[in-house]
Every structure is written in structure tokens, then in C-alpha cells.
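Numbering (the working numbering), first residue to last: 801 to 922. Just so you know, even glycine gets a beta-carbon here, dropped at the ideal spot from N, CA and C. Reading through the C-alpha cells given below for one structure.
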Amino acid sequence: MRKEWGQNLVELALVLPLLLFIIGMAVDVGRGMQAYVVIQNAAREAARYASAHPSDTNGIMDIAMAEVQRGGLHSANVTISVTGSGEGNPVHVTVVYHLPVIFTLLGRSQLTLQTSAEAVIY
């Protein structure tokens with residue numbers, strides 16, 4: 801019986817790091833998906849606002865940043881860009897988020913998520 805207990809301990813020591821890595825990766829994937837949905841919504845809301853107020857660049861960025869913060873993301877890791885002007889032309893809002901990961905893979909300590917939205921200025 802004592803030999804089996806030692807064998808179980810060795811098996812646990814071999815499998816536990818792999819199990820923790822898989823759990824950590826699942827958490828990172830979930831955080832990445834949540835962050836992507838948040839920045840996608842921020843880009844869409846900012847583009848909607850920009851279609852009615854194309855010259856209010858600060859307002860457009862404030863709308864996007866408010867959505868990012870509402871989603872629980874750190875605003876220091878966000879970059880927002882707005883391009884386009886003129887009635888009848890599209891305005892393009894791009895939101896980039898640098899997501900710090902819990903478990904680094906291949907030396908990458910963060911993932912870069914980017915999304916954009918477009919709306920026609922009226």
C-alpha cells in the first residue's frame with residue numbers, strides 16, 4: 801500500500817503542472833474573448849456617435865473609452881484612432897487593446913486585440 805501512495809504522489813507531481821497550464825490557458829482565452837467583445841462594442845458605439853458628430857474627435861474617443869471602462873478593461877492598454885470626415889463618407893474607428901496574459905506562451909506576455917467599426921456620416 802505504501803508503494804502505491806508514493807506512485808500516486810509522483811503521478812500527481814508529473815500531471816499537476818500540465819493541468820494548471822491548461823486551466824491557465826482556458827482563463828486567458830476567456831479573458832481574451834471578453835476583452836474582444838468589449839472593444840468591439842466600444843468601436844461600434846464610437847462609430848455610431850461619429851456618424852452624427854464627425855468633428856468631435858475628443859467626444860468620439862471619450863465614448864469609446866467609456867465603453868472600454870464599462871467593460872472592466874484598463875484604459876492604459878487601449879489605443880483609439882478615428883479616420884474619415886465629410887457628409888456621406890464613412891468614418892472608421894479602430895480600437896486596439898493590449899491584454900496582459902496570465903500564462904506566457906512562447907515569451908509573449910500580452911496579446912494584441914484589434915477591432916474596428918465603420919459608419920456613414922450623415
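Beta-carbon proximity check, residue i vs residue j, cutoff 8 Å
i, j, result
"residue 868", "residue 878", "yes"
"residue 839", "residue 897", "yes"
"residue 843", "residue 873", "no"
"residue 903", "residue 825", "yes"
"residue 855", "residue 922", "no"
"residue 886", "residue 920", "no"
Under the three-state DSSP convention, the category residue i falls into
i, result
"residue 820", "helix"
"residue 875", "helix"
"residue 855", "coil"
"residue 897", "strand"
"residue 921", "coil"
"residue 913", "strand"
"residue 812", "helix"
Assigned exposure category for residue i - 16 Cβ within 10 Å defines buried
i, result
"residue 870", "exposed"
"residue 913", "buried"
"residue 861", "buried"
"residue 900", "exposed"
"residue 891", "buried"
"residue 882", "buried"
Option nearest residue i by Cα separation, candidates the options
i, options, result
"residue 876", "888, 825, 853, 895", "895"
"residue 918", "816, 846, 817", "846"
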